[in-house]
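Please read the structure below before turning to the comments.
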């Protein structure tokens with residue numbers, strides 16, 4: 473299996489522009505998670521889906537952030553408009569099941585820099 | 018939201034030395050996991066501990082879950098440069114699907 477695939481790996485954009493991050497989870501996994509990692513705040517859960525349905529989006533920082541999962545093999549995280557404070561590494565992870573003893577498999581991340 | 022505090026934040030030691038890093042919380046977790054993250058990559062799961070007092074060994078790494086399930090430690094024996102990375106602990110709350118991550122310990126093993 474190719475593992476969790478994320479694109480792009482690096483993104484540099486200017487403040488105010490729309491940014492779309494993409495994720496392909498491991499085939500057969502029913503949970504998909506979006507995280508943001510910064511030095512100051514560590515790894516933060518933004519939103520997660522179960523069987524393509526958003527379950528908890530309480531970690532989404534504000535209305536500028538949105539996420540969709542139109543099917544079991546694809547998810548997007550969109551930032552519109554982007555701001556310099558959104559600069560971070562964004563990870564997508566997937567798992568088979570959740571709760572106790574779940575194993576989340578992380579993608580390589582998208583490094584976002586907003587100028 | 019339950020918080021996980023990891024210490025130390027940074028640790029740099031010589032190859033061959035032993036070390037212990039800690040993960041603490043004021044709340045109880047149903048299970049706790051340790052991940053290692055290398056530069057430019059996502060975290061990779063090392064171990065899951067579920068039972069209070071549980072000890073698991075993975076080659077030179079020993080993981081322990083506190084009796085009260087509020088804390089955990091990772092001990093590395095005879096550290097090697099390949100152990101260099103960011104070590105993250107993550108907890109699962111009973112009935113919840115997601116994980117809460119600590120900020121991690123940045124470990125550097127110098128040859």
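Protein chains in written order, with our numbering: chain G, 473 to 587; chain U, 18 to 128. Glycine included, every Cβ here is placed at the ideal spot set by N, Cα and C.
- Between the stretch 54-71 of chain U and the stretch 566-581 of chain G, the count of C-beta pairs closer than 8 Å reaches three or more; the two stretches touch.
- The beta-carbon of residue 34 of chain U is placed no less than 9 Å from the nearest beta-carbon of chain G.
- Its chain contains 105 and 107 as the residues whose beta carbon lies nearer than 6 Å to that of residue 118 of chain U, once the 5 sequence neighbours on both sides are disregarded; these appear in chain order.
- The stretch 547-556 of chain G makes contact with the stretch 493-509 of chain G, as at least three CB pairs between them are under 8 Å.
- At a cut-off of 9 Å between C-beta atoms, residue 505 of chain G counts as an interface residue with respect to chain U.
- Neighbours of residue 121 of chain U in chain G, taken as residues at a C-beta separation under 8 Å, are given in chain order as 514 and 515.
- Minimum Cα-Cα distance from residue 23 of chain U among the listed residues U/41, U/34, U/52 and U/35 corresponds to U/41.
- Look at the stretch 26-85 of chain U and you find these whole runs of beta strand (DSSP E), each 3 residues long or longer: 27-31, 36-41, 48-54, 61-66, 72-75 and 78-82.
- Apart from the 5 residues on each side of it in sequence, residue 37 of chain U sits with its Cβ closer than 6 Å to the Cβ of 90 and 92 in its chain, given in chain order.
- The three-state reading of DSSP puts residue 513 of chain G in coil, since its state is none of H, G, I, E or B.
- Relative to residue 35 of chain U, the option among U/21, U/62 and U/98 whose CA is nearest is U/98.
- Proximity to residue 527 of chain G across G/507, G/481 and G/503 peaks at G/503, based on C-alpha coordinates.
- Closer than 9 Å to the CB of residue 489 of chain G there is not a single CB belonging to chain U.
- In this structure, residue 46 of chain U sits near residue 109 of chain U, with a CB-CB distance shorter than 9 Å.
- Distance from the CA atom of residue 483 of chain G to the CA atom of residue 508 of chain G, rounded to whole angstroms, is 14 Å.
- For the set G/569, G/523, G/554 and G/570, the Cα lying nearest the Cα of residue 584 of chain G is the one of G/554.
- Contacts with chain G at 9 Å (Cβ-Cβ) do not include residue 80 of chain U.
- At a cut-off of 9 Å, the C-beta of residue 498 of chain G has no neighbouring C-beta in chain U.
- Burial state of residue 121 of chain U is buried, judged by a 10 Å Cβ sphere holding 16 or more other Cβ atoms.
- Taking a Cβ-Cβ threshold of 8 Å, the residues of chain U close to residue 528 of chain G are 114 and 115, in chain order.
- If you look at residue 532 of chain G, you'll find it isn't in any beta strand (DSSP E); DSSP assigns it neither H nor E.
- It is roughly 14 Å from the alpha-carbon of residue 128 of chain U to the alpha-carbon of residue 102 of chain U.
- Interface residue (Cβ-Cβ distance to chain U less than 9 Å): residue 575 of chain G is classified as such.
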